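In what follows, a structure is listed as structure tokens, so that the remarks can point back to it.
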Amino acid sequence: MAFLFFLIGRGAFVRNRLTTFLLILIFSLFIFSACNSNPQVYTIADTTGDWGFPAPFTHYNRGPGYVRMSLIFDTLLWKDETGNLVGALAKDWEYIEEEKAFIFQLRPGVKWHDGEYFTASDVVFTFSYLKKHPYSWVDTGVVKEVVALNDEEVKVYLEKDYAPFIVNVAGTMPILPEHIYQNIDNPLEYTEEDALIGTGPFKLVDYNKEQGTYLYERNDNYYLGQPKVERLRFIKLNEQMIPQAILRGEVNAGPVPPEMIDTFKEKGYTVLISDYNWNAKLKFNLRQEPFSDLRFRQAIAYGIDREKLVNISQRGHGLEGNPGFIPPDSPWYYPEVEQYEYNPEKARELLKEMGYGGETLKLELLTSARFSSDAELIKNDLEKIGISLEIRVLDDKTVDARTQEWAFQMVLSGHGGLGGDPQFVNNMVLGGSFHSARYHSNQELKELLEKQLTIIDVSERKEVLAQIQKIYAEDLPALTLYYPNSYQVRDNQVNLYYTLGGLASGIPVPLNKLSFIE
Amino acid sequence: MGRKRIIDYLLALVIVISLNFFLPRLLPGDPLLSIYGEDALITMTPEAKVELTRRMGLDKPLWEQFFNYLSGIVKGDLGYSYYFQGPVLDLLLGALPWTLLLTGLALIISTLIGFILGVESGWRKGRLADQGLLTGFMFLNGFPDLVIGLFLLLLFGVVLGLFPLGGAMTPYSQLTGVSLLLDVLHHLFLPLSALVLTEIASCYLLTRTTVVTLLEEPFILTARAKGIKPKNIRYRHVGRNSLLPIVTRTGVRLGRLFTGALFIETIFAYPGMGLLIYRAILGRDFPLIQGVFFLVAVVILLINFFVELIYPRIDPRVKNNAY
Amino acid sequence: MHINYVRGFKENRLGRLGIIFLALILSIAFLAPVLTAYSPRQVSENILQPPSQKHWLGTNDLGQDIWSRVIFGARTSFITALSVGILTVTLAVFIGCSAALLRGIYERFVLRLIDIFLIIPNILLLLLTAAYLRPGPVTMVIVLSIFNWPGCARIIRAQTLTLQEKSHIKAAKTFGAGTFYILVKHIIPDLGPILASSFIAHARRAVFMEAGLAFLGISDPLLISWGTIINRALQYSYLNNWYWLLPPALGLSLTVMAFSFLGYTLEEILNPRLKVGKNAGD
Amino acid sequence: MLEIKDLTITYGRNTVIKELNLTVPKGDVLAVIGESGAGKTTLALSLMGLCPGNVEGQIIYQGVDFLSLPEPQRRLLRWNKVSMVFQDLNRSFNPVMTVLEQIMEPMLEHELLSRKEAQKKAYYLLNKVGLAPVKGQMYPHQLSGGEKQRALIAMALTNDPEVLILDEPTAALDGLTKAKICELLKEVFSEKTVVLVTHDLSTAYQLANRVAVLYQGRIMELGLTKDILKNPRHPYTRGLVRSFPTLDATKDLQGIPGFGIEKQEGCVFANICTQRIADCTKIIPKLEKRGEREIACLRGGVVNLLKVEDLTKVYSGVTALKGVSLDIEEGETVAVVGESGSGKTTLALCLMGLEKANQGSIYFQGEKIVKWNKEFYQKVQMIFQNPQDCISHRLNVLETVCEPLVIQKLGTPEERIHKAKKALRDVELPDEDEFLNRYAHHLSGGELQRLAIARALVLEPKLLIADEPTSALDASIQAKIMRLIMDLQEKRGLSILFITHDLALARKVSDRVFVLKDGQVVERGLSTQIFSLPQHPYTRKLLQATANFSDF
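Residue numbers (my numbering), protein chains in the order written: chain A, 1 to 518; chain B, 1 to 323; chain C, 1 to 282; chain D, 1 to 552.
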């Protein structure tokens, strides 16, 4: 900056008129800073900004993308702050055990944004439409048949008892306007105006892909009541700048780094702490010696001081990983599992038992830049029990690709989705994706997992999940290191909150549309 | 210009296009995974996978994909981005103006100021002003654009609050006309100064060295004998003669026009191409990568082509192959 | 034509400054173990501490002493900068000059190769090499050099073309000198100033690229270098951690200044005509 | 029009121009000639106020001291009052601007003419210097040497300056182009005051009406071109003229020995001047008027060494010499030619005091010689025609050479041997003991003659009289000996009286010639005149009889 002043000062010798004029023009901006004041606008800052055109099929396949769409399209049921399902487009619902069918009482007098009436046929149409055009967030495979009993009632027959249906389908599937989507045959590429006709509390005014900004306007005749905020704005800001933007009042809510929460608390802002929905997980190549041996995995678990990991790499903002995988704040959590307290001697014993007492064992830990500090700490810990770790840092996609092809010894990565229906446990043990442990050698565990999906009754399902967690902790197909906290700050205009168990099928974004409604 | 040269350029373009196609595919990690992989909540149902692979043309053998890609380019359709789910051309055209505004302007300003300061400093070789400027620039040269960008943002954005904290313009402020222009400039100022400060040192140095060697030339003595005002000598005689190396350097630097400002764009959340390219590569979004590199290749080859044309204009002694 | 380097450097104020800076950095890098009580990798519980008596520059996010990391970082960054600078310039000179001297098809091939290298953005190439090559300082140096030589080669080629016209090179040819002799004895010394300035530019870019690689997430985390420290410090800039961000940047800036002053003085020694107020004679 | 008052220019430690005074009246064309390194270009640059060194003194244009003006004022004078044609043809033009643009630049810069008028005048000037208009559109590197020179001249004339300064305008040009350029310059100089700096005496001769000879920053000689170049009086100017190859020059080229030493008091030429006296190294000679010219030399330029007036010698009834008068200047070679029996040898013998002249007087360094004593023989030595019998058979080589020193009782025995050895080395004879102990009859004719020369030179004489020194030797040895003698003249500044019948040889070595017929001088003059336009029939007859390979 000194040089620009230097230049202006030396304007005399820069007689080249163009440059001098340009610099004076820019400096005139100092006094004029565009502050905008228009009627009640609620601004939320986001570090990525662009999550795609907020129509069901065109938003990006990430949590925030779904949430921006959920402001426009409603689902049959929706979670309130406590995570319990409340009626949205469906007023009431019941499950007929013997017929394996759900009956939904639809809410009368609901209109689409274009004035058309919302009827049962829209629901039936949406189920059939999703069969033809699969929507990644909702697996309608389990639905056998959908029948509109009358304008206000819909009956959905399932193939088999399927506990996650109520949350992962009824609570996640956006209901599409039949009169519009019936003539859209390539929904993934369709980004016209009418693709955004929904029944939700907000209508989209503008979406700018490059700037990563969204502007919503409230839907005055929303059936649950008129939203408190007239306009809702999403803007993109660099992570480090969001705290400043909030303090300057340019932004009403946004993610903040852990260190800043005290300053915001003093200034009267509300700090929202996310639940333990995301976990950093250490996976082993179960097809290779020595990782296929249970004792080796346990030795590793004993050899890593997970508490120190939380205190240092997460700077105390997080919770020690539960070897049973399900996070402590989840209703399905079962505490009595082996906790693998940090115990280097036990680890060395186990290793000696396996015959690795002598020379140091050289292993490679694959990870991405985000976990490089964790990797360094783990390397220090394992050195104490005679394992010398070589850390290989690559970009996320390469890490995921190598994990998928088993081209690794140990890999440190992380994923979310732990708040929703425990169906995620199945995905993460038996599933085919690179996040999953792909652990099939424990028959008992496999059966329990299949069983838990079919139990509708909560307490019974909890029973089964407790056993699952017990076996998981013993076998340790993967070791959850910690659950990090993430923080959002908001002023007190609208009381946003983290929905317990995450929105819809478990999205940890503190933007529940119900928070805009009294 | 020689016919040989045009063949060279076409050959280079073909090679670049094919590299654009094959290089990204060498990167480990498959696009489907990157689109679906990240969020554990999404279960990739088998039918969804089949439908997607068909739509992205990944099911066809590699050479057929290459053929479609080539015919696409000829027809001017750069394909469809998997991740952003939009035609690549629109994505590029969306980000291009902002990039040209930021990096283009930065390149012009830094070259212009670097050139002027280089001439002034070279002319006063060895005097305090020269050594001061040189030391100053050397000091400045030591800071990477990451640090300068952040330093400016912290100082002027956060502490003094004179400038916005990011973005290319105040979103949805319904500004039009001049006020919109001012708003855009207001947002542009910090990232632009950051880029200028990082680019300026090298242009200044190159000019200064060229000017210093030129001062020894007898035609400078002739000019002084002709009673030409010192300022005119500096620019009409010394300046014009030192244009050649500057143009070469700017030609080379144009190569980094698109990807050079990645760090500045991240810090200032500025919607330029750098970020687009970065996310495309990390997300293994092949059509977008191909589209971006094709645009970059064409623009750079054109600029090289143009730079070569103006060489004889700048220095008549240059036969048309030396540059 | 004996060039008295020592006297040249002593006489020139910037030359002396350059030597002092370089000596300072080298001594710090060399004496690193002595200058600090902590090992740069030693992790501790007290994280993100501001500068204090115990930790002169405070501690980073892993509780490691920043001061020791900066001075140990000096070693890696200095060596990387030096080796990348040298490797790039050698590659550029070798390819650039040979293109200018051999002309013909070879030259056209080299020119187009340079264009292609300049077009393909580095990010893609860096990711590719990181994915396939085993990480480590040596690969880092090779990778950084491979992507930096084209720009420099083009400038050197242009310069060599003009140098060839000079009569003292034509004279050398009349003595039967081969291309290699001319290259080594005449062209490279004449290119002195350009080589010096491009060496500095590439040394500087090397350390910046270190930070860039760390930013892209493909650098070896155990590598302590100014670039990686700067990248890590940037992630915590909301704590206005000037004590963590500025020292490596200053170190880097000092190194670049030292190199540039040396280059500046070398330029003056190698090119006596540049001396201020030379005697007109005749 | 232009006055330079005790101008001194120094660079760092060495002074390039020392207290120079010069006036150039209006319309005068003054050539400043001198070897490179004499400070010519520095002088030229200082006249334009562009000299990088620090400059003291005054340069006055029509009463205005250029040096006292601050830079902006100086800039206004430049090209309007005084303009310059630079030396370096190839690099004096800005390579990236067309010639026309560069010619128009001074007119536009000083706001004399509008762009259109300036262009018109530029084309007019190009035409005037003989360049086609299309040349104007070209870039400097597209023009030939001659064309560039013309363009430079055109450029210098744009603002019609009163004073024109040209720095080596013809140096880099071939003969033909040079002639054309001189043609052009002559026309251009018609109404201008010109200072022409050059080392090319022929250009100076053609263009300049006055000449100033510059050496080590001081003016040695100043005067009309004809006088200075035809009959140089200052030893340095003579050396300069001698070393300048012209068609009509007969005498072989001779360089100026040694080189100027920087800091030394007194005359700058002292350390080389062959006729220097003690004060030369103490007092700095001022430019004094001598006839129409001015010379800066304490001894008033080249000094007469030997003067013979009306010498007559009669042998028993036969008059060998009848009223011969003759003069030799310092560092000059005079040839006395004539058939055998014309009294050549008698003249030599009389000069050496071996024969008593009946009438006439001989002056050496201004004093009349009455008694031929030791001092005389220390300054004048002779070598005889037949080497065999002028060296005694009883003395070996060393003794022969030391003999004169022994007679003159000079120095200790070691010094004598040392001097003898040095003399032998000068004549390219070995100085090992084996050779020193040899006797005359062991040596060949050539070696003997060289020994004789060594013996003659060991006393370091001022004048060497050589009586047919090489007629007894065959041609190849003769060439070596003559070459040796000429080198000695160049190295030691020896004056030589060369007596021979061989005119071709005389032509090659002499500056002036005296033709002797029957004891009388029938013709005398510069060897260039004598050998190209002989007046006296006898001389013509002699010339025809001389050996030549031309067949007409």
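Cβ coordinates follow ideal geometry from the N, Cα and C atoms, glycine included.
Values in this document were obtained by computation on a predicted structure and should not be read as measured data.
Fill in: Nearest-angstrom Cα separation, counted from residue 88 of chain B out to residue 209 of chain A
Stepping through the first sequence from its first residue, residue 209 of chain A is reached at position 209. Stepping through the second sequence from its first residue, residue 88 of chain B is reached at position 88. Distance between the alpha carbons of residue 209 of chain A and residue 88 of chain B: 12 Å.
Discussion item. Under 7 Å, CB to CB, which of the residues in the region 102 to 134 of chain C have a partner in chain A?
Written reply: 127, 130, 131
Worksheet item: Under a three-way DSSP split, which group does residue 115 of chain C fall into?
Response: Translated into the one-based positions of the third sequence, residue 115 of chain C becomes position 115. Three-state DSSP puts residue 115 of chain C in a helix.
Item to complete: Take residue 53 of chain B and list the residues in its own chain whose beta-carbon comes closer than 8 Å to its own, dropping the five residues that flank it on each side.
Response: Here residue 53 of chain B is taken as the residue at index 53 of the second sequence, counted from 1. If we look at residue 53 of chain B and ignore the five residues flanking it on each side, its Cβ neighbours are 32, 59.
Discussion item. Could you tell me the alpha carbon to alpha carbon distance between residue 62 of chain C and residue 315 of chain A, rounded to whole angstroms?
Written reply: On the third sequence, residue 62 of chain C is found 62 positions in, with the first residue counted as 1. On the first sequence, residue 315 of chain A is found 315 positions in, with the first residue counted as 1. The straight-line gap from Cα to Cα measures roughly 9 Å.
Item to complete: Give a yes or no on whether 8 Å exceeds the smallest Cβ distance from residue 154 of chain C to chain B.
Response: Numbered from its first residue, the third sequence carries residue 154 of chain C at position 154. Judged by the 8 Å Cβ criterion, residue 154 of chain C is in contact with chain B.
Worksheet item: Is there at least one Cβ from chain A nearer than 8 Å to residue 130 of chain B's Cβ?
Response: The sequence position of residue 130 of chain B within the second sequence is 130, counting from 1. Taking Cβ atoms only, chain A never reaches closer than 8 Å to residue 130 of chain B, which makes this a no.
Practice prompt. Ignore the nearest five residues each way along the sequence and tell me which others in residue 546 of chain D's own chain have a CB closer than 6 Å to its CB.
Written response: Taking the fourth sequence and counting its residues from 1, one reaches residue 546 of chain D at position 546. Result list for residue 546 of chain D: 503, 504, in chain order.
Worksheet item: Can you name the start and end residues of the alpha helix (DSSP H) that residue 379 of chain A belongs to?
Response: Numbered from 1 along the first sequence, position 379 holds the residue referred to as residue 379 of chain A. Segment 372 to 384, the alpha helix (DSSP H) holding residue 379 of chain A.
Worksheet item: What residues from the region 237 to 263 of chain C come within 8 Å of chain A, judged by C-beta to C-beta, listed N to C?
Response: 237, 238, 239
Practice prompt. Assign residue 353 of chain A to buried or exposed, taking buried as 16 or more other Cβ atoms, counted over all protein chains shown, within 10 Å of its Cβ.
Written response: Here the question's residue 353 of chain A lines up with position 353 in the first sequence. Residue 353 of chain A comes out exposed.
Discussion item. Applying the 10 Å Cβ sphere with the 16-neighbour rule, what's the burial state of residue 220 of chain A?
Written reply: The count along the first sequence starts at 1 and reaches residue 220 of chain A at position 220. Answer is exposed; the Cβ neighbour count stays below 16.
Worksheet item: If you drop the 5 nearest sequence neighbours on each side, which residues of the same chain put their C-beta closer than 6 Å to that of residue 264 of chain B?
Response: Stepping through the second sequence from its first residue, residue 264 of chain B is reached at position 264. The answer, listed in chain order, is 145, 149, 191, 194, 195.
Fill in: CB of residue 554 of chain D within 8 Å of CB of residue 66 of chain D, strictly
Absent from the model: residue 554 of chain D. The displayed extent of chain D is 1 to 552, so no value can be given.
Practice prompt. Note down, in chain order, every chain B residue with its Cβ under 8 Å from the Cβ of residue 201 of chain C.
Written response: Residue 201 of chain C sits at position 201 when you count from the first residue of the third sequence. Simply 202.
Fill in: Where the alpha helix (DSSP H) containing residue 400 of chain A begins and where it ends
Locating residue 400 of chain A in the first sequence gives position 400, counting from the first residue. Here the alpha helix (DSSP H) through residue 400 of chain A covers 396 to 404.
Worksheet item: Three-state secondary structure (DSSP) at residue 9 of chain C?
Response: The residue labelled residue 9 of chain C in the question sits at position 9 within the third sequence. In this structure, residue 9 of chain C counts as helix in the three-state DSSP scheme.
Worksheet entry | Closest residue to residue 119 of chain A among A/287, A/134, A/178, A/102 (Cα-Cα distance) | Along the first sequence, one-based indexing puts residue 119 of chain A at 119. Comparing Cα positions, the closest option is A/178.
Worksheet entry | Euclidean distance between Cα positions of residue 455 of chain A and residue 482 of chain A | Position 455 of the first sequence holds residue 455 of chain A. Position 482 of the first sequence holds residue 482 of chain A. Whole-angstrom Cα-Cα distance: 29 Å.
Worksheet entry | Collapsed DSSP secondary structure at residue 81 of chain B in the structure displayed | As a working note, residue 81 of chain B is residue 81 in the second sequence. If DSSP states are grouped into helix, strand and coil, residue 81 of chain B belongs with the strands.
Discussion item. In chain order, what are the residue ranges of uninterrupted alpha helix (DSSP H) at least 4 long that sit wholly in the region 267 to 321 of chain B?
Written reply: 273 to 282, 286 to 314
Item to complete: With a threshold of 16 other CB atoms inside 10 Å of the CB of residue 476 of chain A, please say whether the residue is buried or exposed.
Response: As a first step, residue 476 of chain A is located in the first sequence; it is residue number 476 there, counting from the start. Buried: at least 16 other Cβ atoms inside 10 Å.
Worksheet item: For residue 283 of chain D, does the count of other Cβ atoms within 10 angstroms reach 16, so buried, or fall short, so exposed?
Response: Along the fourth sequence, one-based indexing puts residue 283 of chain D at 283. With fewer than 16 Cβ atoms within 10 Å of its Cβ, residue 283 of chain D is classed as exposed.
Discussion item. Taking only three categories from DSSP, how would you classify residue 429 of chain D?
Written reply: Within the fourth sequence, the letter at position 429 stands for residue 429 of chain D. Residue 429 of chain D falls in the coil class under three-state DSSP.
Item to complete: Use the C-beta contact count for residue 174 of chain C: other C-beta atoms within 10 angstroms, 16 or more gives buried, fewer gives exposed.
Response: Taking the first residue of the third sequence as 1, we reach residue 174 of chain C at position 174. Exposed, because fewer than 16 other Cβ atoms sit within 10 Å of the Cβ of residue 174 of chain C.
Worksheet entry | Test: residue 228 of chain B CB closer than 8 Å to a CB of chain F | Going by chain labels, chain F is absent from the structure shown, which instead holds the protein chains A, B, C and D.
Worksheet item: Got a sec: is the Cβ-Cβ distance from residue 144 of chain C to anything in chain A below 8 Å?
Response: Numbered from 1 along the third sequence, position 144 holds the residue referred to as residue 144 of chain C. Chain A contact via Cβ: absent.
Worksheet entry | Members of the region 94 to 108 of chain B that neighbour chain A once the beta carbon cut-off is set at 9 Å | 94, 95, 97, 98
Discussion item. By alpha-carbon positions, which one of D/59, D/33, D/279 ends up nearest to residue 21 of chain D?
Written reply: For this step, residue 21 of chain D is matched to residue 21 along the fourth sequence. Per the Cα distances, D/59.
Item to complete: Give a yes or no on whether 8 Å exceeds the smallest Cβ distance from residue 393 of chain A to chain C.
Response: Counting from 1 along the first sequence, the entry for residue 393 of chain A is found at position 393. Yes, contact with chain C.
Practice prompt. Please name the residue in A/138, A/236, A/320, A/434 whose C-alpha comes closest to that of residue 44 of chain A.
Written response: Indexing the first sequence from 1 puts residue 44 of chain A at position 44. Nearest of A/138, A/236, A/320, A/434 to residue 44 of chain A, Cα basis: A/236.
Item to complete: Quick one: using the 10 Å Cβ neighbour count with 16 as the cut-off for buried, is residue 47 of chain D buried or exposed?
Response: Here residue 47 of chain D is taken as the residue at index 47 of the fourth sequence, counted from 1. Answer is buried; the Cβ neighbour count reaches 16.
Worksheet item: In chain C, what lies closer than 7 Å to residue 30 of chain B by C-beta?
Response: Walking along the second sequence from the start, residue 30 of chain B turns up at place 30. In chain order: nothing, as chain C lies at least about 13 Å away.
Item to complete: Decide if residue 81 of chain D is buried, meaning its Cβ has at least 16 other Cβ atoms within 10 Å, or exposed.
Response: Start at 1 with the first residue of the fourth sequence, and residue 81 of chain D comes out as number 81. Buried is the call here.
Fill in: Top-ranked residue by Cα proximity to residue 141 of chain D, from D/91, D/204, D/197
Here the question's residue 141 of chain D lines up with position 141 in the fourth sequence. The shortest Cα separation from residue 141 of chain D among D/91, D/204, D/197 belongs to D/91.
Practice prompt. Establish whether the CB of residue 249 of chain A and some CB of chain B are separated by less than 8 Å.
Written response: Residue numbering aside, residue 249 of chain A sits at position 249 when the first sequence is read from its first letter. Output row for residue 249 of chain A: interface = no.
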